[in-house]
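Engineer: Would you mind keeping the following structure in view while I ask a few things?
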Amino acid sequence: MRRGGINRRQVLSGAAALAFATKVSGATWNDGEARPNILWIVSEDNNPFIGAYGDPIARTPVLDRLAGEGILYRNVYSNAPVCAPSRFGILTGVYPESCGPAGHMRALAHVPEEIRTYPELMREAGYFCTNNAKTDYNCDVDPQAIWDRQGHDAHWRDRPEGKPFLSVFNLMTTHESRIFKPTDGDVTPADVRVPAYLPDLPEIRQDFASYYNLMTRMDGEVGARLGELEADGLAEDTIVFYYSDNGGVMPRSKRYCYDEGLRCAMIVRVPAKFAHLSPNPPGSVEESPVSFIDLAPTVLSLAGRKSPATMQGHAFLGRQCAPARQYAFGMRNRMDERYDFVRTVTDGRFRYIRNYAPHRPCGQHQAFAWLAKGYQAYERAWLAGECNAAQSRFFEPRGYEEFYDLESDPDEVHNLAGDPAFSRQLAEMSRALDAQMIAINDNGFIAEGMAGEGYDASREHGAYPLPAIMALAASAARADAAQASHFGSLLTHADPLMRYWAATGLLILGEAASAAAQAIGAALQAEQVPQVRVVLAEAATHVGMGRQGVDALVALLGKDQSDAVRLQAINALTYVAPALARAAMPAIVQAKEDAYMFVRNCAIYLEAVLLGRYEPSMKIFDMNSLPSKTGAGE
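In terms of the numbering used here, the sequence shown has 446 at position 444, counting the first letter as 1, and numbering is strictly consecutive.
Set out below in structure tokens:
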């Protein structure tokens with residue numbers, strides 16, 4: 003059972019609900035009053051493949067028991083479907099897309115002084131804060147500076163006598179890389195259900211079985227940490243959170259804005275002495291959406307502190323507990339070496355997805371993900387024409403909007419975006435998404451590396467006219483050929499972001515943009531902003547200026563360009579017609595030695611495709627190329 007059960011509104015009705023609400027809102031800290039310790043146990047890359055969530059083949063006795071003693075959050079979501087952007091949001095309480103380039107996977111966003119991280123604020127509140135050991139915060143925050151203890155030995159046991167603690171433990175057992183080799187256990191490939199969006203292949207079944215068996219191992223590790231808490235006599239003084247940092251690792255899960263990429267597990271156990279800090283009693287199920295952007299405000303609330311104005315979530319426990327959310331928001335930008343731009347919102351029943359790069363397939367080749375046998379087998383089957391329509395969609399261009407009824411279609415294969423029966427719900431969620439993007443000043447419309455990217459830069463007066471850019475981007479992504487001339491006229495706009503999205507509109511139209519061919523050619527000659535030139539050059543290859551476009555992309559692959567521009571250029575070459583792209587072969591071969599790992603990955607893949615040597619199992623990603631510091635990894 004994926005959804006269902008009782009929620010807090012069913013458990014807490016009438017006078018009981020009023021009593022709980024009164025206890026939470028009226029909670030205060032008196033001098034000398036004990037404050038709760040807080041333990042976060044974070045697992046990697048998993049959906050709720052947990053018995054307590056209704057999964058019939060999961061073997062997770064520890065988490066099942068914890069759910070019986072605590073609160074099970076049925077509809078909890080990471081804010082990005084991959085670790086680094088998700089962890090940025092958890093650390094700062096700021097949506098990653100609000101502080102570019104934090105919304106991209108494996109980036110280094112600048113965190114301005116006005117944004118304080120939750121461990122800094124918890125330390126100011128008197129807590130001893132430890133992190134063991136993953137960081138991967140996607141920004142320039144120094145982990146050693148914000149924690150009392152950081153590393154593989156960090157533990158609450160290091161705290162001064164009598165000081166409350168916040169301790170984070172990250173369990174790597176279910177990390178994506180662990181399914182690159184089979185893991186035996188009680189669950190076998192024959193036991194699993196293959197979702198409708200995937201072909202039923204032995205490699206995919208094995209990856210699912212390995213995933214379940216890794217979940218069982220991780221469950222035991224959760225038990226070991228809880229055992230330490232018991233042994234130290236702290237169980238009745240400690241609020242325990244268990245959650246996963248993003249969705250699962252099967253194809254179309256991690257990195258993608260479907261439920262499988264964003265829906266996580268979360269269980270919170272609040273001991274009896276701190277029951278007044280929770281609106282939910284032990285053993286209850288919370289159905290309302292919860293978002294990871296709420297975690298930082300929640301721990302501050304439990305510590306008796308208000309969250310700062312920069313934090314964009316709200317507390318779901320503690321003295322500052324806010325009303326339940328209506329929606330949870332998610333995003334996808336660059337994932338490793340591949341660019342995309344997706345925004346999504348869910349209320350737990352429906353999911354609305356908006357694709358601002360519909361000309362790109364969802365399933366662009368990614369060197370790290372393709373180390374999994376399941377991805378290799380999936381693409382091999384698709385290339386052989388062995389996938390049905392639902393399974394093939396992953397490798398094909400998309401529409402601007404997707405809309406799914408998660409109750410009747412949990413696999414999200416029936417797109418209802420054009421169904422009049424759901425037009426009201428779609429319109430409501432579309433408006434909610436627009437409002438959210440404006441409210442958080444979404445940086446996603448700024449191409450990586452362009453002027454104006456960043457929390458402070460994008461908030462300078464007049465620097466980022468977001469409503470106008472959003473309107474143009476929506477028009478571009480809808481691929482209306484009647485807009486070609488209008489887009490062409492905007493290629494001389496004073497704002498480079500308006501030029502960027504006008505060029506993107508023409509690129510999305512492809513050959514249908516021929517009415518603006520002359521404007522594209524003139525703009526390509528005049529444009530000075532390299533990110534805009536990349537888009538213009540690729541658009542030119544579709545409207546009869548193939549060699550001019552390819553030559554421009556080769557120049558943008560030069561060593562004088564930034565990492566972001568070189569990566570954007572080789573991504574563009576990947577989608578140029580092979581007969582044209584082969585003219586760039588010397589530059590592609592040279593890019594195989596590029597200093598930037600993601601450019602190298604793209605170049606190796608593109609060369610193999612153009613030479614007819616590509617096979618989904620070919621090794622492109624070098625595990626030794628990952629950074630060695632704590633927190634590295636996908």
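We put the CB at the ideal spot given by N, CA and C, even for glycine.
Which residue comes first and which comes last in the beta strand (DSSP E) that contains alanine 274?
Structural biologist: Alanine 274 -> no beta strand (DSSP E), and no H or E assigned at all.
Engineer: If you check the beta carbons only, do lysine 375 and glutamate 205 fall under 8 Å apart?
Structural biologist: Their beta carbons are under 8 Å apart, which means lysine 375 touches glutamate 205 by this criterion.
Engineer: Determine the direct distance from the alpha carbon of proline 273 to that of phenylalanine 637, and round the result to whole angstroms.
Structural biologist: The structure shown has nothing for residue 637, since the chain only spans 3 to 636.
Engineer: When you compare only the Cα positions, how much space is there between leucine 297 and alanine 36?
Structural biologist: One C-alpha to the other measures close to 21 Å.
Engineer: Kindly indicate the opening and closing residues of the alpha helix (DSSP H) around arginine 334.
Structural biologist: Run containing arginine 334: none in the alpha helix (DSSP H); it sits in the beta strand (DSSP E), 330-334.
Engineer: Which first and last residues belong to the beta strand (DSSP E) in which arginine 715 is found?
Structural biologist: One cannot answer for residue 715 here, as it falls past the ends of the chain, which runs 3 to 636.
Engineer: Just list the beta strand (DSSP E) runs in the stretch 206-253, keeping only unbroken ones of 3 residues or longer that don't cross its boundaries, in chain order.
Structural biologist: Runs of the beta strand (DSSP E) inside the stretch 206-253: 240-246.
Engineer: Can you tell me which of Arg161, Thr94, Asp221 puts its alpha carbon nearest to the alpha carbon of aspartate 234?
Structural biologist: The option with the nearest alpha carbon to aspartate 234 is Arg161.
Engineer: Could you tell me which residues DSSP pairs with methionine 268 in its beta bridges?
Structural biologist: According to DSSP, methionine 268 bridges with Tyr245.
Engineer: Thinking just about the alpha-carbon of each residue, which of Ile181, Val601, Ser212 is nearest to the one in aspartate 188?
Structural biologist: When each option's Cα is compared against that of aspartate 188, the closest is Ser212.
Engineer: Under 8 Å, do leucine 302 and leucine 41 count as touching if we go by C-beta distance?
Structural biologist: Contact: no.
Engineer: Tell me whether tryptophan 42 sits in a helix, a strand or coil according to DSSP, three-state version.
Structural biologist: Three-state result, tryptophan 42: strand.
Engineer: By Cβ distance below 6 Å, which residues in the same chain neighbour glutamate 414 in space, the five residues on each side in sequence not counted?
Structural biologist: So the qualifying residues of the chain are Tyr260, Tyr406.
Engineer: If we count the other Cβ atoms within 10 Å of its Cβ and call it buried at 16 or more, is arginine 549 buried or exposed?
Structural biologist: Result: exposed.
Engineer: Roughly how many whole angstroms lie between the Cα atoms of aspartate 209 and proline 184?
Structural biologist: Roughly 7 Å between the two C-alpha positions.
Engineer: Tell me which residues share the same chain as alanine 486 and place their Cβ nearer than 7 Å to its Cβ, disregarding the 5 neighbours each side in the sequence.
Structural biologist: These residues qualify, in order along the chain: Leu508, Leu511, Ala514, Ala515, Ala517, Ala518.
Engineer: Starting from phenylalanine 489, trace the alpha helix (DSSP H) in both directions and tell me its first and last residue.
Structural biologist: Element bounds for phenylalanine 489: 486-491.
Engineer: Should alanine 147 be labelled buried (16 or more other beta-carbon atoms within 10 Å of its own) or exposed?
Structural biologist: It is exposed - the Cβ of alanine 147 has fewer than 16 other Cβ atoms within 10 Å.
Engineer: Determine, using beta carbons only, whether alanine 539 and glycine 551 come nearer to each other than 8 Å.
Structural biologist: It is a contact, given that the beta carbons lie within the stated cut-off.
Engineer: Which of helix, strand or coil does DSSP assign to tyrosine 380?
Structural biologist: Tyrosine 380 falls in the helix class under three-state DSSP.
Engineer: Quick one: what's glutamate 404 bridged to in DSSP?
Structural biologist: Note: glutamate 404 sits in a beta bridge opposite Ile355.
Engineer: To which residues does DSSP link serine 394 through a beta bridge?
Structural biologist: Answer by DSSP bridge pairing: none, since serine 394 is not bridged.
Engineer: How would you label alanine 581, buried or exposed, when you count the other beta carbons within 10 angstroms and need 16 or more for buried?
Structural biologist: Exposed: under 16 other Cβ atoms inside 10 Å.
Engineer: Would you list the residues sitting across from asparagine 133 in a DSSP beta bridge?
Structural biologist: Beta-bridge pairing links asparagine 133 to Gln152, Val170.
Engineer: Shortest alpha-carbon distance to tryptophan 637 belongs to which of Val113, Asp338, Asn134?
Structural biologist: Since the first and last residues shown for the chain are 3 and 636, residue 637 lies out of range.
Engineer: Three or more C-beta pairs closer than 8 Å, one from the stretch 190-205 and one from the stretch 216-228: is that the case here?
Structural biologist: Flag = no, the stretch 190-205 and the stretch 216-228 do not touch.
Engineer: Beta carbon of valine 537, beta carbon of alanine 505: below 8 Å?
Structural biologist: Yes. Within cutoff.
Engineer: Does DSSP put glutamate 126 in a helix, in a strand, or in coil?
Structural biologist: If DSSP states are grouped into helix, strand and coil, glutamate 126 belongs with the helices.
Engineer: Going by C-alpha distance, which of Glu46, Tyr199, Ile355, Ala104 is nearest arginine 336?
Structural biologist: The option with the nearest alpha carbon to arginine 336 is Ala104.
Engineer: Quick one: is methionine 313 buried, meaning 16 or more other Cβ sit within 10 Å of its Cβ, or exposed?
Structural biologist: Per the 10 Å Cβ criterion, buried.
Engineer: Tell me the DSSP secondary structure of alanine 542 in three-state form.
Structural biologist: It is helical.
Engineer: Under 8 Å by Cβ, that's how I've got tyrosine 598 and leucine 555 pegged, so tell me the actual separation to the nearest angstrom.
Structural biologist: Not a contact, Cβ separation roughly 16 Å.
Engineer: Flag this pair as yes or no: are the beta carbons of leucine 65 and isoleucine 269 separated by less than 8 Å?
Structural biologist: Taking 8 Å as the Cβ cut-off, leucine 65 and isoleucine 269 qualify as a contacting pair.
Engineer: With a CB to CB cut of under 7 Å and the five nearest residues on each side skipped, what residues in its chain are close to threonine 24?
Structural biologist: Residue placement at threonine 24 is flagged as unreliable, the pLDDT there being 36, under the threshold of 50; the coordinate-derived value follows with that caveat. The answer is none, since no qualifying residue turns up.
Engineer: Rounded to whole angstroms, what is the Cα-Cα separation between alanine 379 and alanine 541?
Structural biologist: Cα to Cα, the separation comes out at about 32 Å.
Engineer: Taking proline 197 as the reference, which of Ala605, His416, Thr348, Pro63 has the closest Cα?
Structural biologist: Among Ala605, His416, Thr348, Pro63, the Cα nearest to that of proline 197 belongs to His416.
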